[in-house]
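The sequence shown begins at 13 in the working numbering and counts up by one.
Idealized CB from N, CA, C, for every residue including glycine.
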Amino acid sequence: MNSFQLFLSIILFLVAAWYAWRYYDLKKRVDEYAHLARIAPESLPTDLNKIENLSNAVASLKLYFENQLSTLNSENARLSTVLEQLTDGVIIVDANGLIQFANPAAQKLFEISTAPGHSVTEVVRNHQLVDAWRRCQQTNEMQSESVELPARHQFLQLIAIPDTHASGSLLLVQDLTRVRRLETVRRDFISNVSHELRTPLASLKALTETLQSGALSDPEAGPRFLGRISTEVDALTQMAQELLDLSRIESGQVELILAPLAPKGLVTSAADRMRMQAERAGLKLSIKCEDGLPNIRADKSRLEQVLVNLIHNAVKFTKPGGDISLETESVTGGVRFAVRDSGVGIPTESLTRIFERFYRVDKSRTGSGTGLGLSISKHIIEAHGGKIWAESNEGRGSVFYFVIPINS
Ligand SMILES: Nc1ncnc2c1ncn2[C@@H]1O[C@H](COP(=O)(O)OP(=O)(O)OP(=O)(O)O)[C@@H](O)[C@H]1O
Ligand SMILES: [Mg+2]
């Protein structure tokens, strides 16, 4: 080997050694980086000597995935909020009939605290609704079913939609109780109006026919029949007026003249207006007013009309010898008024219905009017931002309460 070859070999050896060292160094750095990525991915350095290209590429990948994750998270949060706030129940059921998810509305509708893990049958507890879900599972087609649950006074509609990805199903549950109730109220209203009109109109027809067939010239019967016609016309006029009032209050056309008002003064003036009627019916009318009550913000004449309506009812539905008491009491944010009687009382199932137009507990009860008084009262109270309700013990008496916010 001459000296040139020796020199070349040394050079080649040095180059090979340099490359080997580079390879070793690079592998060591990549291994360290991979180790770090496994144990602490959140603190991966990006400015590593010699592998900055790789670390930069990993860093931008990481950033990309972080962005994707935060988009997913915010979409998830939005979806959860929607499901939580939804008034309809949403239930996700797997292929085996086990509940995977139920939103709060579904848990409330079926009166359960936790649904996931339970079976549809356990949670839904109604064979018609469970059958609808089964049909959906078997046919893979959407099914819907509506049922009335008398025990819970509820009317529910269930829509079962097949979930083709997970071979389970999605159940949507709607509470149609309110809608149904409104439908009934509307239907009753129409039939009640026609009924209420038919009776006085029929007697007017009969009275005029009697007058036409000779009674007009009878000096005794003539004026008597005319008197009865006048009474029927008055009743019709009053009904028309009440209906008009009601629709004007309902549509917000009646403007309340709100001013600070002392509860005691209001109760006293309503009692003064009704005292004579109560005494004539053999009833004792008393007032129990707390001292130092705050002023309420109210329309005096409208609120007095409510009290008069309530006292009038108490007089009508209490037998002679009974008591009626008017009470006021301070409650949080308002003043609570009560009209208490020792009368015939109201059956529990009618307690919420008596505020409907034309609703009367027992149409054959003597002394009943048209059934509009309480619905007018309810609208007046609600227009004041208040609340009205009744409690009763059948045969023992009733209490009508209403709360009016205090003067702010
Ligand atoms: N204090 C009460 N005691 C027992 N039943 C009552 C009492 N107040 C109301 N009711 C029942 O509620 C029904 C509705 O009352 P509401 O005042 O709306 O109508 P009304 O008194 O029959 O007629 P109107 O007030 O239009 O002349 C009454 O028919 C009655 O059956
Ligand atoms: Mg009444």
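Buried is the label assigned to His396, since at least 16 other Cβ atoms lie within 10 Å of its Cβ. When rounded, the separation of the alpha-carbon atoms in Ala326 and Val347 is 21 Å.
By the Cβ test, the region 359–377 is not in contact with the region 272–281, since fewer than three Cβ pairs between them sit closer than 8 Å.
For Gly383, the closest C-alpha among the options Leu188, Glu208 and Thr126 is that of Glu208. If you compare the alpha carbons of Leu81, Phe19, Leu273 and Gln97 with that of Leu305, the shortest gap goes to Leu273. DSSP places Gly304 outside both helix and strand once states are collapsed to three, so it counts as coil. Within the same chain, Cβ atoms closer than 6 Å to the Cβ of Val105 are found at Ile111, Val132, Gly180 and Ser181, the five residues on either side in sequence being excluded. From the listed residues Thr344, Gly409, Thr360 and Ser404, the smallest Cα separation to Val415 is found for Thr344. For Asn405, the enclosing beta strand (DSSP E) stretches over residues Lys399 to Asn405. The shortest C-alpha to C-alpha distance from Gln149 to any of Phe237, Asp200, Gly109 and Glu262 is the one to Gly109. When DSSP assignments are scanned along the region 233–291, the uninterrupted stretches of beta strand (DSSP E) that are 3 or more residues long and fall wholly within it turn out to be 271–273.
Distance check between Gly409 and each of Leu315, Ala32 and Ala350 places Ala350 closest, using alpha-carbon atoms only. Here the region 195–214 makes no contact with the region 223–236; the two share fewer than three CB pairs at distances below 8 Å. A direct Cα-to-Cα measurement between Ala114 and Ser67 gives close to 44 Å. Relative to the non-hydrogen atoms of ligand 2, the Cβ of Asn152 never comes closer than 6 Å to any of them. Its Cα nearest to that of Lys328, the residue Met286 stands out among Leu56, Ser389, Leu270 and Met286. Residue pairing from DSSP leaves Asp311 without any beta-bridge partner.
By the C-beta density criterion, Phe122 is buried, having at least 16 other C-beta atoms within 10 angstroms. In the structure shown, the three-state DSSP call for Tyr413 is strand.
Runs of the beta strand (DSSP E) spanning 3 or more residues and lying entirely within the region 85–147 occur at 101–105 and 111–114, in chain order. The region 78–94 makes no contact with the region 163–177; the number of CB pairs closer than 8 Å stays below 3. Secondary structure of Leu297 (DSSP, three-state): strand. The continuous beta strand (DSSP E) containing Asp175 extends over residues Gln166 to Asp175.
For the pair Gly129 and Ser158, the Cα-to-Cα distance works out to about 25 Å.
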